[in-house]
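In what follows, a single structure is set out as structure tokens and then discussed.
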Amino acid sequence: MNLARALASFVLLSSVPTVAQELAPFTAERSWQLERLGVPTLAPDGSFAICAVTRYDMASDKGLADLWLWRTDGSASRRLTTHVASEGAPSISPDGTRVLFVAERDGDKAPQLYVLPLDGGEARRVTSVPTGVAQPMWFQDGKRIAFLTRVWRDLDGFEAQQKRLEEREAAKSKALIWDAAPVTAWDVHVDDRELHLYAVTIEGGAVEPITLGTGLELPRRAVPLESPLYDVAPDGKEVAFTADSDPAANFTDSDVYTLALGSKQAVNRTQGNRASDAVPQYSRDGKWLAFARQSVVGFYGDTRKLMLLDRASGALRAVAPNWDRSADNLVWSADSKKLYGAIDDAGTVRAYEIPIDGAPRALTSSPSFGALAVAARAPNVLV
Numbered sequence: 005m006n007l008a009r010a011l012a013s014f015v016l017l018s019s020v021p022t023v024a025q026e027l028a029p030f031t032a033e034r035s036w037q038l039e040r041l042g043v044p045t046l047a048p049d050g051s052f053a054i055c056a057v058t059r060y061d062m063a064s065d066k067g068l069a070d071l072w073l074w075r076t077d078g079s080a081s082r083r084l085t086t087h088v089a090s091e092g093a094p095s096i097s098p099d100g101t102r103v104l105f106v107a108e109r110d111g112d113k114a115p116q117l118y119v120l121p122l123d124g125g126e127a128r129r130v131t132s133v134p135t136g137v138a139q140p141m142w143f144q145d146g147k148r149i150a151f152l153t154r155v156w157r158d159l160d161g162f163e164a165q166q167k168r169l170e171e172r173e174a175a176k177s178k179a180l181i182w183d184a185a186p187v188t189a190w191d192v193h194v195d196d197r198e199l200h201l202y203a204v205t206i207e208g209g210a211v212e213p214i215t216l217g218t219g220l221e222l223p224r225r226a227v228p229l230e231s232p233l234y235d236v237a238p239d240g241k242e243v244a245f246t247a248d249s250d251p252a253a254n255f256t257d258s259d260v261y262t263l264a265l266g267s268k269q270a271v272n273r274t275q276g277n278r279a280s281d282a283v284p285q286y287s288r289d290g291k292w293l294a295f296a297r298q299s300v301v302g303f304y305g306d307t308r309k310l311m312l313l314d315r316a317s318g319a320l321r322a323v324a325p326n327w328d329r330s331a332d333n334l335v336w337s338a339d340s341k342k343l344y345g346a347i348d349d350a351g352t353v354r355a356y357e358i359p360i361d362g363a364p365r366a367l368t369s370s371p372s373f374g375a376l377a378v379a380a381r382a383p384n385v386l387v
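This is the structure we're talking about:
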């Protein structure tokens with residue numbers, strides 16, 4: 005398997021720019037000279053990976069992220085972007101010819117979707133959404149892109165959204181009043197907008213609301229949108245997403261819902277569990293919907309169990325129910341027979357293989373690994 009080589013390549017690349025000529029104490033200044041690697045995205049055939057590399061400048065107190073491409077055999081690497089604005093959330097297209105990313109460039113008032121051809125050329129902006137975009141994802145036909153944005157439910161269209169944003173920005177008073185939870189998400193105040201899922205064609209233009217109108221919203225406390233909150237089925241006909249079922253939005257009873265595209269009738273797939281269900285992911289073959297389940301109500305740190313929903317029969321079962329590790333940072337294998345995860349384990353984060361009909365096994369011992377990606381059509385490539 006190419007696992008060890010691919011993981012080693014990323015670890016080595018992250019340390020190359022800071023190799024010292026002589027031994028010296030590791031100071032705070034030296035730590036900020038290290039370049040940070042973001043979450044990788046892997047080509048469908050496993051031949052190359054792309055991720056954001058962030059460099060920091062202590063004098064200006066700013067960071068700048070550019071996209072880099074690495075061949076997974078270690079033969080070559082190249083920088084893809086050199087813009088003065090940072091790029092993030094890269095995602096390689098299903099045919100491997102383009103990379104999608106989020107950036108705030110050249111007059112953008114909020115982060116937008118951009119697409120860059122990998123055979124040469126400039127990045128093209130796809131969206132002009134005043135409320136900004138987050139967590140973009142390709143539909144498998146390569147013709148559409150899903151994304152999240154925060155909107156006011158009572159407003160119709162993005163022109164009205166932009167007008168309210170401008171009014172609030174111009175207002176002399178920035179005071180906010182809450183009469184219900186949530187008020188904050190960690191150290192960020194939550195405003196009165198709702199988080200919803202949208203889709204847009206690769207050519208751009210009008211965006212299509214998916215979850216708006218269902219009476220549900222994605223978790224409002226999901227700031228800064230690090231954990232995946234939704235997934236698109238391989239056939240592009242259905243989405244799965246996490247929504248707050250607790251009327252007070254206390255995040256104590258988040259559930260996994262599925263929604264047929266074009267419908268506004270979402271189905272709660274985890275209604276029987278009062279604790280949190282989250283991070284839905286369709287298997288590559290479309291047979292399974294995996295998600296993480298907690299059993300202690302109101303406790304965010306509870307162990308997450310890996311659950312599998314058979315989409316044809318509706319049967320639900322736990323994978324490795326007696327495993328005492330939390331199922332986090334999971335990705336499906338190319339053959340849909342197992343998942344891989346970056347799992348907290350004995351003081352480190354190890355890469356694990358988790359068969360859907362077997363016992364989990366650790367693939368690494370050290371150092372820690374924080375993010376994984378699997379090739380969609382190559383069974384032996386994992387970075």
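Numbered according to my numbering, the sequence shown spans residues 5 to 387.
Note that CB positions come from ideal geometry on N, CA and C, so glycine has one too.
For clarity, every value in this text was computed on a predicted model and none was experimentally measured.
Nonlocal neighbours in the same chain, by C-beta distance under 7 Å from residue i, ignoring five residues either side
i	result
P134	K113, A114, F162, Q165, Q166 and L169
V378	L46, V335, W336, S337, A338, Y344 and L386
K3	There is simply no residue 3 to check, as the chain begins at 5 and stops at 387 in what is shown.
A382	D49, G50 and A338
E242	T262, L263, A264 and L265
L73	F52, I54, S81, R82 and L84
R225	P186, A189, V194 and F255
Residue i classed as buried or exposed, judged by whether at least 16 other C-beta atoms fall within 10 angstroms
i	result
K147	exposed
L46	buried
G50	buried
M141	buried
E173	exposed
N333	buried
G143	According to the sequence displayed, residue 143 carries Phe and not Gly. Buried, because 16 or more other Cβ atoms sit within 10 Å of the Cβ of F143.
T360	One detail in the question is off: residue 360 reads as Ile in this sequence, not Thr. With 16 or more other Cβ atoms within 10 Å, it is buried.
A210	exposed
D248	buried
Q116	buried
F303	exposed
L27	exposed
I96	buried
T86	exposed
H193	exposed
W393	No information on residue 393 is available, as it lies outside the stretch 5 to 387 that the chain covers here.
A53	buried
I4	The question about residue 4 has no answer here: the residues shown for the chain are numbered 5 through 387.
G374	exposed
A24	Confidence is the limiting factor: at A24 the pLDDT is only 47, short of 50, which leaves the residue's position unreliable and the question unanswerable from this model.
P44	buried
P29	exposed
V137	buried
E91	buried
Candidates the options: closest to residue i by CA position
i	options	result
L454	P232, R197, S231 and E207	A question about residue 454 goes unanswered here, because the residues of the chain that appear run from 5 up to 387.
A296	P223, M311, G302 and A270	M311
G208	A279, R59, L199 and R128	R128
P364	K309, T31 and V387	K309
L313	A56, G92, Y261 and A380	Y261
K268	D99, I214 and A237	I214
V106	S81, G302, Q139 and G125	Q139
T246	N272, K66, E357 and P325	N272
S64	H87, I149, W182 and W36	W36
L152	V236, G111, L120 and A375	V236
P238	A150, D191 and S299	A150
L320	I206, K291 and V301	K291
D183	K176, D195, D61 and D99	D195
A270	R225, G219, G111 and D70	G219
A433	G78, P29, S231 and V137	Only positions 5 to 387 of the chain appear in the structure, and residue 433 is not among them; the question remains open.
G362	A331, S370 and A324	A324
A322	T274, G305 and D110	T274
Y202	P223, A175, I181 and Y234	Y234
R278	V301, L293, A294 and P284	V301
Q298	A175, E108, K178 and D259	D259
Residues that residue i bridges to, as DSSP identifies them
i	result
N326	Answer by DSSP bridge pairing: none, since N326 is not bridged.
K309	R297
E126	DSSP lists no partner for E126.
V106	G92 and L117
R321	L312
Y234	F245
K342	P359
Y261	F245 and N272
Own chain partners of residue i with C-beta closer than 6 Å, once the 5 adjacent residues on each side are dropped
i	result
R354	I347, A366 and T368
G42	C55 and A56
S340	S287, R288 and D289
V187	none
S372	T352 and V353
L376	V335, Y344 and A346
Contacting residues, own chain, Cβ-Cβ under 8 Å from residue i (five flanking each side not counted)
i	result
R329	T307, I347, D348, D349, Y356 and P364
P121	T101 and R102
D99	P48 and G146
L159	Q165 and R168
Beta strand (DSSP E) runs contained entirely in the stretch 149 to 228, provided each spans 3 or more residues: You should have 198 to 205.
Complete runs of the alpha helix (DSSP H) confined to the stretch 27 to 87 [at least 4 residues]: Restricted to the stretch 27 to 87, the alpha helix (DSSP H) segments that are unbroken, complete and at least 4 residues in length are 32 to 35, listed in chain order.
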